[in-house]
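Asks: To start, I am sharing the structure in question, which I have written as structure tokens.
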Ligand SMILES: C[S@@+](CC[C@H](N)C(=O)[O-])C[C@H]1O[C@@H](n2cnc3c(N)ncnc32)[C@H](O)[C@@H]1O
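In our numbering, the protein residues as written are 527 to 810.
See the structure below:
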């Protein structure tokens, strides 16, 4: 198996997500509309309560940190960490406009956290852990900084076949370029999709009361154009692949993506199935 260059992965992640940060701000309402249910799941599964101290790993533009801050209230605190400073600039702007004052956003790499041991009531994370070069190391860090009996709750993407929302562009891309199957340990959208994968790591590092559940939903779009435009703007992992196409191939690929998305039309909207794996665990 080829060696994974952790520093290279982290640098690519930082650049990719910094580049798409303005698009995440532009499409924020759509993100909120389509994926807010995942935030509520994580907040509930981590049993967040008033007054708690919460860490969000890979919070991007503030999901689910901003909702967590509202739940823990003025006597609680939330710290959102992310590699990409530009994503955090958007998160801070959103906190300000929502009037949420008990949240702080800092740049950090999830695998090397400078956070005190036993200091958080809960650690939450949405759609970040599968991009880490060393998930085991990050989970050890999470276990270290949780208080005893503290909760960990994370959402990662389930498998591609259950996620047309993400699979459609990959299927179309495969018709134009060879996409080698990802190495088992290679970070990517579906790295933690398998049942038991993240839960197994949680178990091996000594967390308890582990649950691993697949939650299905649908992402509604006004049109295939809206789906395509938001995807092309925001999906950092896909952009580098699309850049390998010639401009005529790109046009053709975009028409094919719209045609495939249109297959999920109900009435005047498009509803793309999504499947999310939610893993919850507790420090002994
Ligand atoms: C798909 S975005 C999710 C952002 C947010 N949690 C959400 O659900 O909207 C993935 C985020 O993980 C962050 N990320 C990737 N690798 C990271 C690492 N090693 N440490 C911290 N954050 C990381 C990226 O910068 C990016 O903001």
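Glycine included, each C-beta is placed from N, C-alpha and C at the ideal position.
How is the alpha helix (DSSP H) around residue 764 delimited, first residue to last?
Replies: Here the alpha helix (DSSP H) through residue 764 covers 762 to 768.
Asks: Tell me whether residue 750, by its Cβ, gets closer than 7 Å to a heavy atom of ligand 3.
Replies: You won't find ligand 3 in this model; what it holds is ligand 1.
Asks: Which whole-angstrom value describes the C-beta separation of residue 589 and residue 560, a residue pair presumed to lie in contact below a C-beta threshold of 8 Å?
Replies: Not a contact, Cβ separation roughly 11 Å.
Asks: Buried or exposed for residue 533, please, with buried defined as at least 16 other CB atoms from any protein chain shown within 10 angstroms of its CB.
Replies: Exposed, because fewer than 16 other Cβ atoms sit within 10 Å of the Cβ of residue 533.
Asks: In chain order, which continuous runs of the alpha helix (DSSP H) of length 4 or greater are located wholly inside the region 671 to 718?
Replies: You should have 690 to 700.
Asks: Within the present structure, is the beta-carbon of residue 576 separated from the nearest heavy atom of ligand 1 by less than 7 Å?
Replies: No, the Cβ of residue 576 stays beyond 7 Å of every heavy atom of ligand 1.
Asks: Which full runs of the alpha helix (DSSP H) of 4+ residues lie inside the region 625 to 678, going along the chain?
Replies: Segments of the alpha helix (DSSP H) lying fully in the region 625 to 678: 661 to 671.
Asks: What residues in its chain sit with their C-beta under 8 Å from that of residue 731, if we drop five residues either side in the sequence?
Replies: Excluding sequence neighbours, residue 731 sits near 662, 665, 666, 669.
Asks: When every heavy atom of ligand 1 is checked, does at least one fall within less than 7 Å of the C-beta of residue 543?
Replies: Residue 543: yes, Cβ under 7 Å from ligand 1.
Asks: If you pair each beta-carbon of the region 715 to 724 with each one of the region 608 to 615, do three or more pairs fall below 8 Å?
Replies: As far as the Cβ criterion goes, the region 715 to 724 does not touch the region 608 to 615, which means the pair count is below three.
Asks: Let me check one thing: in DSSP terms, what residues is residue 746 bridge-paired to?
Replies: According to DSSP, residue 746 bridges with 797.
Asks: Got a sec? Which residues, its chain only, sit under 6 Å from residue 542 by beta carbon, not counting five neighbours each side?
Replies: Closer than 6 Å at the Cβ level, and outside the excluded window around residue 542, lie 762.
Asks: Any beta carbon from chain C within less than 8 Å of residue 763's own beta carbon?
Replies: Structure shown: chain C not included; a single protein chain is present.
Asks: Should residue 790 be listed as close to ligand 1, given that the test is whether its C-beta is under 7 Å from any heavy atom?
Replies: No, Cβ of residue 790 sits at least 7 Å from all heavy atoms of ligand 1.
Asks: Which of the three DSSP states is assigned to residue 537 in this structure?
Replies: DSSP places residue 537 in helix when its eight states are reduced to three.
Asks: So, for residue 677: in the same chain, excluding its five sequence neighbours on each side, which residues have a beta-carbon less than 6 Å away from its beta-carbon?
Replies: Same-chain partners within the cutoff: 572, 573, 648, 808.
Asks: Please check the pair residue 644 and residue 674, which I expect to be a contact at CB under 8 Å, by giving their CB distance rounded to whole angstroms.
Replies: About 7 Å separates the two Cβ atoms, so the contact holds.
Asks: Using only alpha-carbon positions, find the residue among 772, 604, 622 that is nearest to residue 582.
Replies: The candidate whose alpha carbon is nearest that of residue 582 is 604.
Asks: Please state the DSSP three-state secondary structure of residue 583.
Replies: Strand at residue 583.
Asks: Does the Cβ of residue 665 lie closer than 7 Å to at least one heavy atom of ligand 1?
Replies: No, ligand 1 has no heavy atom inside 7 Å of this Cβ.
Asks: Expressed to the nearest angstrom, what Euclidean distance is found between the alpha-carbon atoms of residue 530 and residue 728?
Replies: Their Cα atoms are separated by approximately 22 Å.
Asks: Following a CB-centred definition, is residue 712 positioned closer than 7 Å to any heavy atom of ligand 1?
Replies: For ligand 1, not one heavy atom lies less than 7 Å from the Cβ of residue 712.
Asks: Does at least one heavy atom of ligand 1 sit under 7 Å from the Cβ of residue 735?
Replies: Result no, Cβ not under 7 Å from ligand 1.
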